[in-house]
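Chain order of the listed sequences is F, C and L.
If you count the first sequence from 1, position 94 lands on 80 in our numbering, and the numbers rise without skipping.
Take the position in the second sequence, starting the count at 1, then add 5; the result is the number in our numbering.
Take the position in the third sequence, starting the count at 1, then add 16; the result is the number in our numbering.
The structure appears right after this line, and notes come after that.
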Amino acid sequence: MCTGRVDPVIVAEAFKKGLDGLLVVGCHFGECNYVSGNFQAKAKLDMTRRLIKHVGVNEERLSFQQCSSGEGALFAEIVGKFSKTIRELGPIGGDGDRVKAPEIFKKLEAAEAVLAGEKIRWVIGKRTPFIESGNMYGEVFTEHEFNRAIDMIIVEEIEVQEILGKLKEGAQSVKDLAKALSIPSERVFRNITALKRKGMIKLEKVSGRTPIFQLVPQEV
Amino acid sequence: MLDVGRHPNIELLAYSEVENVEGEAGDFKVTVRRKTRYVEEDKCTGCGACAEKCPTVVPDAFNEGLGDRRAIYSYFAQGIPSTHTIDPDHCRQLNGKKCGICAKTCQAEAINFDKEDRIVELNVGAIIVAAGYDVFDPGRIPEYRYNEIPNVVTAIEFERLLSASGPTGGHMDRPSDRAVVAEIEALEKKVRKSQKALDKLEEKFNEPSAAFYKKFQAGQYQDDEDRQKWADKYAAHLAVIEPLEELKKKAAGFTVAKRLAFIQCVGSRDFRFYPFCSGYCCMHSIKEAMIAHEHEPETTSSIFGMDIRAVGKGFEEYKIRGGNNSNITYVRGRVAEITEGPNNNPIVTYEDTRERKVKSQEFDMVVLATACAPIKGIAALAKTVGVELDKYNFIKTSSLSPVDTTTPGIFVCGCAESPMDVPESVAQASSAAERAAEIAFQPELEKEKAVA
Amino acid sequence: MPDKKEDIRIGVFLCHCGSNIAGYLNMEELEEFSKKLPHVTFVQRNLYSCSEGGINEIKKGIKEQNLNRVVVASCTPRTHEPLFRSSCGEAGLNPYLFEMVNIRDQCSWVHMQEKEDGTTKAKDLIRMGVAKAALLEPQEPIMSEVQIRALVIGGGIAGMTATLAFANRGYEVVLVEKEEALGGMLNHLSKLGPTMTDASALAEEKVRAVTGHSKITVFTKAKVTLVQGFIGKYKVDIETESGNKNIDIGVIVVATGGRAFVPEGLYGYDGKRVITQLELEVLLKNGLASAIKNVVMIQCVGSRNEERPYCSRICCQTAVKNAMLIREQNPDAKVSILYRDMQMYGVENEEMFRDSKVKRVRYINYDPANPPEVEPDNVRVYHALLGRDMDLAADLVVLSTPIVAQDDANVVSQLLRVPIDENGFFMEGHVKLKPLDFATSGIFLCGSARFPANIREAVAQGLGAASRASIPLAKGSVVVEPIISVLANEDACRGCGLCVALCPYGALEIQNTEKGRKVHVIDVACKGCGVCAATCYQHALSINSFTDKQIEAQVEAFLN
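See below:
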C-alpha cells in the first residue's frame, strides 16, 4: 500500500463529514517503495488542494509531506507543525475558511462529485505524459500551464456539479440558477447546453419566454 | 534488513564471529562463536524498557560517539534482530557492582547475566565474505588536525549530524558548539544542586546568601563554623555561576554550520596511506552538501578534490545539479593544511590548481572524505576463512571472476573486495549469491556424477 | 450483504507490550471501550500478544469464541503482522481476516506524558481498525507456475556470463544475439584493462563454453519480435535465420549492451588520423604502424555536455589502457591524454593510472569552456593547470567517445514494457537497491544496457542478474500476497488504459473480452500499490483489503 492509493474522493468525503485536517506523509521522491506512487499522490493531492481552495476550504487543511522511516524527528516536526496549523484554523467551516458551515459541506459535496468524475481524474492521470511527452497533439505543458488547465477544469466542473445539485431541488431557469449560485448567466447557459447534450438535463417547460430545466434521472 | 530477519530460509547469527573453517567447496565445516548478549533473544521483544532504566551511560558507537547510549542497548533503532545487548565492559552488574535494574525492569524475563558464549558448528556448501570496510582514521594525517580541531569531522560523522535520527536531530550544530552546550548543561546541573543547598541555609539563617556573604567577607561570623561552611558553599556556587554566564553569552551567538568545506581523498590517493581511489567519496560529499543545503538553504559548500569522480548512472547530472541548485563550488586542488581560526572556525589552506595560487579560506565546519580502508581484523579473518588478500589487504579476486576468492567455494562481495558504492555492492552481492548457489545447489545430475 | 453482518464476530486483543503500552495508556478503559464497539464479541488483554502465550490466547479465542475477525492492537505491522496473520491461519481463520492496530509506535511512545490524550487516540485507532475488520474479506495467496527456462537478450560478455550462470545451475537458457556472432563489444577490442587480458581469447573461451553447453540454445542473427505474458509464463517470438520460433520462457534478462558514439563533425573526426578509441582498439589488435610517434587523446568527446550530460564511466580507463598499449608497441611514441577529470575510480584503475604515469603517459587538464583544437599536424590545447597554450605534435588523434544506448533500445523497451531513461539506458527498479531488477517482476538487467560497464562490472552484473532471475526458477512458482488490484466492477471498465499507463509494474493490460475492451490484472506482477484504484474514473478497480468501502469505514469511524 502506498500514498498513491489515496483517492481524492475519499479526501473530499472526509472533509465533507467534518474532518478538520488531513496530512499525507509519503516517501521521498526516488525512494518510493512502489517506484512512483508518491509522484501520483503528490499530483492528486496538489490538485485536490486547488479544488478545496476553490470551494472555500482553507487549503492548509490538506498537506502532502515526505519523510523516510528513519527520520523520526522529522516526522515529529511535520506532524507537530501540521497539528498547530489545524488547531489555529479551528473546526472546518469556521473562521479559518472562506466559506462557512453548513454551506461549506454543500460545496464539498460538489467537490466530491467532481473528484469522482471522469474529467479531472483523466487529466490528472495523464499529468506525466502531458508534462513530459505532450498530449495527443504533441503539445508539452509546463507545470504552470498544466496547473492553470487544472484550475480551469475545476471551475467548470464545480459549476456543473452545483447546477446539478441545485436542479435536484427542483426545475429552474438559467437566470434563477445564475442568481442562486452566483455564477454569470452566460456560463450557466453554456453548462446547461452541455448537460443537455449529454442527456443529463432536459427542458421541463417554457414559462412565459423563459425555459425551465430539470434533471433527467440517471441510472446508477 | 527486515527481509533478512523474516525470510524462512535465512538463519541470522548476529553478534557472532567465525572461529574456524574446514573442508572444501560444497562441504565446509564452520565454527561460529555466538557471543552472549546476556539477553535471551527469543524472549526479548525489543521494547527498550531496560535501556530506559539502565543507569550507565556510554558513548554510542553507532552515532560515531557523537551521542550516547546505555550499557544495555539495541545497536540502533531499526536494527535486526531487534533484541537488546548488554555491553559487558560497562554493565555494573557484570563488573561486580550491585545493579540488575534491567532484569527487574524486563517483564519478558529476558535478562540472563549467566548466559555464556555458545559455539555453533555449521555445515555449508559455500561461503560469502561480506565483511565491509573501516573508515580511515584521519588522525593519521597530522596536517589536517582532526584530533585537535573539534569542527573537523569525518564524512560518516557528518552523516550522523545530518540524520534526522542522529544526535542533533538533523541540525548542523558544530561539535565545538555542542561541547559548549553540554558544558552549560553540566554547570547548570551543578548550580541547581548548590542552589538547593544554599536555599536550605538561607532558610535556616533567614538571610539571602549574597547579603550574608558581604557581611562574612567584611569579617563577621569568623568563628561560626556553620556560617563558615555556608560561605564556602556560596563561594563555590559563584565560581560556577561566573563561567556559566560567560558560556551562555557565547552560546547565544551559536548558529548552525553554514559554510562547509569537503575535503576529498583523505587517506586515499595518498602514498603515505592508501594509493587507491575509494570511488564513492566524491558522490558522498556531493550528497552531504546537497542535504545540508536542503536543511539550511543558506549553506554554501566547497568541495576540494583532484578529480571529481562522478562516474555512476546519473552521477554527473547530480554533480551539476548540486553546483547549480545547492551552492556547491568544486575546487580543483589538494588541501595542504587545516588550522583553527577564531570562533573555532577551521581554516583550509589549499592550492587552487586552476589559478595556480595557494589560498586560505575560513569555514564553519570541515568534512573529511576519508578513505575506504580494509577492516582491522581482515588479516585474521582471511586466515581463518582461508583466502588470500591483495597488497592493500582487500580480499583478492580477478577482473574476470570478480567475486571468486583464491579458494574455491568462498566468495566475496562489497567493500571487503574493494571500495564500491551502494548499487555496485548490491549488484555484487547478487553475483556472489549466484556463484555460491552454483556450488551449494548443484544440479542433481552433476551431484550424481560427483558421487560416482 | 446486511444479513451477514449479524454473523461477524470480532475479537480484539490488546497488547500491553510489557509496560511500553500499558505504562502510558489506560488499558482497562481501552478494554471497556473495545467491548462496546460494533461486532466485537470478545476482548482480551495480554502482557505480550506476540509471545507464545499471547499467540495461544488468540488461537484459543478463534476456536472457543468462534471469532471470525481478529484485531490486535499492539506494535507495528512492519515487524509483527506476518506472525499474527500466520497464527490466525494456524487456528483455522483466513489470515486476511486479521487487522492490526498500532497503538505503540505513534501512540503510547509519543504520548508518554499524556495518558488521557494517548488513551483517546488509541480508542480512535482501535475503532477504526474494528470498523475495517468488519468489512474484511478472506483472500487466498496467489500462485503461478514458472516455466523453468530463461531468455537472455544480447550475447556480449554480460549476456554470455548470465547465460552460463543459468546453465551452470541446471536451467535451460535461450540466448538471442542480433549480430552474426556472439561476443558483442569484445570482438572489437584488443586487450582488456587493467589485466591486459586478450579480448579475443576471452570471447573465444566464453563462446565455446556457451555453444558447447547442453542447456543453452543460441540464436544468432536473431531478434525477439514479440513478448506476451508475465513472470513465469512468457510466450516469446524469436525471428531467427531458421524461421520464427515461439518459446515458453520463465524469466528474461536484458543484456543488449551499448555502442560507441561516433563523433561525426567533432575535432575533425575522419576515421583515419582522427579516430575513436574503438577504432584504435582495432589498430592495436592488428599492431600499430611504427610510423606513429605522437598520439594525442581527447577525453569527454560527446559526453558531459548539454546534449549528453552523463559521464560514460569507462572511457578514461580505456584511454589510459590504450595509452600504455601504444607505449608498449611503439616504445618511443609520445602519448598525451587531454582530460577534464580522470575518472580512475577504485583500486585497479587508480593503480593503472599511476603505472601509466611511470610509463610516461602525459596528462593535460583542459577546460571544456576552452576545448583543444585539432590542427593538421598538431593539437593545440590550453593547459588549464599551467595556464598556457601548448602545441602537441599529433600523428594520431584519438577521441574518447561515450558508450551510448543501442539504437533499438526503445524497441526492446516497448517489447518488454520496461522503461528507458533520458539517455536511452534501461531503467532499473531502484537506482540503489535494485540495480539489476526491473520494477516489473520477471525481467532483469545487466551490463552496458543499464549503464556503461567495464569487463569486471559486466561479468559481475551478468552473474548478479542471473542470480536474481534464478529465484523464481529455483522456486518453480511465484507466490504473491493477495493484497493486489482487482477488477471489482467489470461492467464499469471502459478499457481506456489510463491505469495501464500509470502502473509502475506493468501489471495491467487491456484485453479484448466478450464484453469489449477490459483491463486485466496480472496478479503475480501486481504489488498492490493502489495507484490504479485511486486513478480509475469509472471506479472499476479496487484493492483487496484496502477497498474504498474499507477505507471509508475507517474515515467514518475516525470522525464519529
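Beta carbons are placed, not taken as given, at the ideal position from N, Cα and C, and that holds for glycine.
For a contact meaning CB atoms closer than 7 Å, what does residue i contact in chain F?
i	result
GLY174 (chain C)	ALA59
PHE562 (chain L)	MET(-13), ARG(-9)
GLY544 (chain L)	MET(-13)
Is DSSP giving residue i helix, strand or coil here?
i	result
PHE210 (chain C)	helix
ALA19 (chain C)	coil
GLY70 (chain C)	coil
ARG337 (chain C)	strand
GLY76 (chain F)	coil
MET406 (chain L)	strand
TYR250 (chain L)	strand
LEU450 (chain C)	Unreliable placement is indicated for LEU450 (chain C), whose pLDDT of 44 sits below 50; the coordinate value is still reported in the next sentence. Reduced to three states, the DSSP call for LEU450 (chain C) is helix.
ARG361 (chain C)	coil
MET177 (chain C)	coil
ASP453 (chain L)	strand
ASN19 (chain F)	coil
ALA257 (chain C)	helix
Just reading off the alpha helix (DSSP H) that residue i is part of, what are its end residues?
i	result
ALA135 (chain F)	129 to 154
ASN338 (chain L)	331 to 345
ASP357 (chain C)	ASP357 (chain C) -> not in any alpha helix (DSSP H); beta strand (DSSP E) instead, spanning 351 to 357.
GLU73 (chain L)	68 to 80
PRO488 (chain L)	471 to 491
THR177 (chain L)	173 to 184
CYS270 (chain C)	Where CYS270 (chain C) is concerned, there is no enclosing alpha helix (DSSP H), although the beta strand (DSSP E) it sits in stretches over 264 to 271.
What in chain L is Cβ-close to residue i, meaning under 9 Å?
i	result
ARG361 (chain C)	LEU401, LEU402, GLY403
LEU236 (chain F)	One cannot answer for residue 236 (chain F) here, as it falls past the ends of chain F, which runs -13 to 206.
For residue i, count neighbouring C-beta atoms within 10 Å of its own C-beta (all shown protein chains included) and say buried if the count is 16 or more, exposed if not.
i	result
THR135 (chain L)	buried
LYS318 (chain C)	buried
THR529 (chain L)	exposed
MET212 (chain L)	exposed
GLU74 (chain F)	exposed
GLN43 (chain L)	Note on identity: in this sequence residue 43 (chain L) is Met, with Gln being the wrong assignment. Result: buried.
LEU431 (chain L)	buried
MET313 (chain L)	buried
ASP131 (chain F)	Per the sequence shown, the amino acid found at residue 131 (chain F) is Glu instead of Asp. Looking at its Cβ environment, which holds fewer than 16 other Cβ atoms inside 10 Å, GLU131 (chain F) is exposed.
ARG396 (chain L)	exposed
Grab the span of the beta strand (DSSP E) containing residue i for me, first residue to last.
i	result
ILE124 (chain C)	123 to 129
PHE29 (chain L)	26 to 31
ILE526 (chain L)	524 to 529
HIS204 (chain L)	It is not in any beta strand (DSSP E) - HIS204 (chain L) carries neither H nor E in the DSSP assignment.
GLN60 (chain L)	56 to 62
Give the residues of chain C in contact with residue i, contact being defined as C-beta atoms less than 7 Å apart.
i	result
SER35 (chain L)	ALA54, GLN112
ASP357 (chain L)	ASP312, ILE313, ARG314
Residues of chain L with CB closer than 8 Å to the CB of residue i, please, in chain order.
i	result
GLU443 (chain C)	ALA181, ASN184, ARG185
ILE325 (chain C)	PRO325
GLY284 (chain C)	TYR361, GLY362
Which chain C residues are close to residue i, counting only those with a beta carbon under 8 Å from its beta carbon?
i	result
ILE471 (chain L)	SER404, LEU405
Which residues in chain B sit within 8 Å of residue i, going by Cβ to Cβ distance?
i	result
ILE149 (chain F)	As a matter of chain content, chain B is missing from the structure shown, whose protein chains are F, C and L.
List, in order along the chain, the chain L residues whose C-beta lies closer than 7 Å to that of residue i?
i	result
SER22 (chain F)	PRO520
ALA99 (chain F)	Those within 7 Å of ALA99 (chain F) in chain L number zero; the least Cβ separation is about 12 Å.
Just the chain C side, please: which residues come within less than 9 Å of residue i by C-beta, in chain order?
i	result
CYS7 (chain L)	Outside the displayed span of chain L (17 to 576) sits residue 7 (chain L), for which this structure offers no information.
Using 8 Å as the Cβ pair cut-off and three pairs as the minimum, do the stretch 511 to 526 of chain L and the stretch -6 to 11 of chain F touch?
Segments in contact, no.
Taking contact to mean at least 3 C-beta pairs separated by less than 8 Å, is the stretch 82 to 96 of chain L in contact with the stretch 425 to 445 of chain C?
Here the stretch 82 to 96 of chain L does not lie against the stretch 425 to 445 of chain C, with fewer than 3 beta-carbon pairs under 8 Å apart.
Decide yes or no for the touch test of the stretch 359 to 366 of chain L against the stretch 413 to 429 of chain L: beta carbon pairs closer than 8 Å, at least 3 of them.
When C-beta atoms of the stretch 359 to 366 of chain L are compared with those of the stretch 413 to 429 of chain L, fewer than three pairs fall below 8 Å, so the two segments do not count as touching.
Count Cβ pairs between the stretch 375 to 382 of chain C and the stretch 345 to 364 of chain C that sit closer than 8 Å; are there 3 or more?
They do not touch, by the three-pair rule.
Are the stretch 505 to 514 of chain L and the stretch 486 to 497 of chain L in contact at 8 Å, needing three or more beta carbon pairs?
Judged by Cβ distances under 8 Å, the stretch 505 to 514 of chain L makes no contact with the stretch 486 to 497 of chain L, as fewer than three pairs qualify.
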